[in-house]
Structure formats: C-alpha cells, structure tokens
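The sequence shown: position 10 = 120 (our numbering), numbered continuously.
We put the CB at the ideal spot given by N, CA and C, even for glycine.
Keep in mind the model is a prediction, meaning the values are calculated, not measured.
One structure is given below, encoded as structure tokens.
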Amino acid sequence: AGLVSFITIPLFGHLSDVIGRKTMYLIGITVMAVWGFVYFGLFAAGVATVVFVVIALSLIPHDMQYGPQAALIAESFTGRLRYSGASLGYQLASVIAGGPAPIIGLYLWTGKYELFGASFASPFPTKTPFTISAYILICCVIGFLATLALKNRQAFDHTKEYEEQGEMAAAGERRPAMG
Numbered sequence: 111a112g113l114v115s116f117i118t119i120p121l122f123g124h125l126s127d128v129i130g131r132k133t134m135y136l137i138g139i140t141v142m143a144v145w146g147f148v149y150f151g152l153f154a155a156g157v158a159t160v161v162f163v164v165i166a167l168s169l170i171p172h173d174m175q176y177g178p179q180a181a182l183i184a185e186s187f188t189g190r191l192r193y194s195g196a197s198l199g200y201q202l203a204s205v206i207a208g209g210p211a212p213i214i215g216l217y218l219w220t221g222k223y224e225l226f227g228a229s230f231a232s233p234f235p236t237k238t239p240f241t242i243s244a245y246i247l248i249c250c251v252i253g254f255l256a257t258l259a260l261k262n263r264q265a266f267d268h269t270k271e272y273e274e275q276g277e278m279a280a281a282g283e284r285r286p287a288m289g
C-alpha cells in the first residue's frame with residue numbers, strides 16, 4: 111500500500127504545479143467525499159482481497175491532497191508569517207479535527223460512548239458503514255469551503271517582501287512592528 115503513495119504523492123504534487131495547488135486540493139477533497147462511501151461499502155463486504163485493494167486505493171484520494179498540501183499551506187502566508195502560520199495551522203488542525211476523529215468514528219459505529227461515567231447513545235443508525243461515510247462527507251464539505259476561502263498565491267512574487275525590506279534598510283528606514 112505504501113508503494114501507491116510512493117508514486118502518487120510526487121505525482122499529485124507535480125500535477126498541482128501544473129493545474130494549481132488549490133485546484134488539485136479541491137479535486138482531492140471531492141474524490142475523498144465520494145470515496146468514503148465506496149470505501150466503507152466495499153470494506154463491509156469482508157472479503158480479504160477486496161479489503162486489501164480498497165485500503166491500498168484509499169491512499170489515492172489522500173495523496174491528491176497530501177501531495178500539494180505543504181506548498182498550499184506555505185503559500186497561504188507571507189514570508190514573515192509563513193513558519194509560524196503554517197506550523198500553527200497544521201498542528202491545530204491535527205488536534206482539533208484529527209484527534210477526535212477515531213472517537214467520533216467509534217461512536218458512529220457502535221452507537222454509544224461513555225465519558226466520565228456518562229453514557230451517550232447515538233441518534234443515528236449504527237453498525238452501518240454509511241454513518242462514518244457521512245462524517246467523512248461533512249469533514250470534506252468543511253475542508254472544501256475552507257480551501258475555497260484561501261487566496262490563490264501560487265503566482266505571488268514571494269521575493270517582493272524581502273526586496274522591500276532591503277530597500278528600506280538601505281535607506282535607513284525601519285519597518286513597522288505590525289504590518
């Protein structure tokens with residue numbers, strides 16, 4: 111399965127150079143939204159060979175987003191804010207969205223969850239793969255809307271900010287603390 115990503119991550123990263131990172135990322139989110147239903151539908155069949163193939167193929171929608179992700183995140187910030195902005199955004203997304211995902215998936219599958227002695231019952235049908243697929247779809251819709259809100263900075267001249275600083279330094283000017 112890792113061999114798939116070995117090929118597809120650089121492939122989709124390169125493709126994002128051609129068609130645009132935001133476009134590639136949006137295509138990946140759309141494919142992931144559909145793939146969630148296909149994945150769990152085939153996974154529920156319980157045939158070992160089918161499960162293996164489905165798991166291997168599930169890396170493709172993931173890699174459609176992961177290939178351009180580093181450049182997309184880095185290009186979302188100016189040079190002065192890039193390191194902090196990219197790191198903070200990536201880490202917070204992992205904690206806020208990625209952290210509770212397994213717990214939510216388990217809750218949707220079993221229909222019950224206990225937290226500090228309190229028991230919660232699910233209002234959704236349980237033991238069906240499509241409740242988890244619906245959760246993936248909701249996450250994809252949120253990701254799609256957030257990606258649409260990003261400015262397309264792929265063609266932005268990232269050296270301009272540093273050239274302005276050099277000109278200001280040569281003239282003896284100081285850059286304002288904020289701005």
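- With at least 16 other beta carbons inside 10 angstroms of its own, ASP173 counts as buried.
- Excluding its 5 nearest sequence neighbours in each direction, SER168 has C-beta neighbours in its own chain below 7 Å: TRP145 and TYR149, listed in chain order.
- Taking 8 Å as the cut-off, the Cβ atoms of ALA196 and ALA181 do not count as close.
- Between ILE246 and ALA143, the gap from beta carbon to beta carbon is short of 8 Å.
- In the three-state DSSP reduction, LYS222 falls in the strand class (E or B).
- In the three-state reduction of the DSSP assignment, SER186 falls in the coil class, being assigned neither a helical nor a strand state.
- The count of Cβ pairs closer than 8 Å, one atom from the region 125-139 and one from the region 252-260, reaches three, so the stretches are in contact.
- Within the region 139-203, complete alpha helix (DSSP H) segments of at least 4 residues are found at 158-167, 169-184 and 192-203, given in chain order.
- Taking 8 Å as the cut-off, the Cβ atoms of LEU260 and SER186 count as close.
- When the alpha-carbon of ILE242 is set against those of GLY221, VAL128, SER204 and ALA111, the nearest one is in GLY221.
- Assignment of ALA111 by DSSP, reduced to helix, strand and coil, places it in the coil class.
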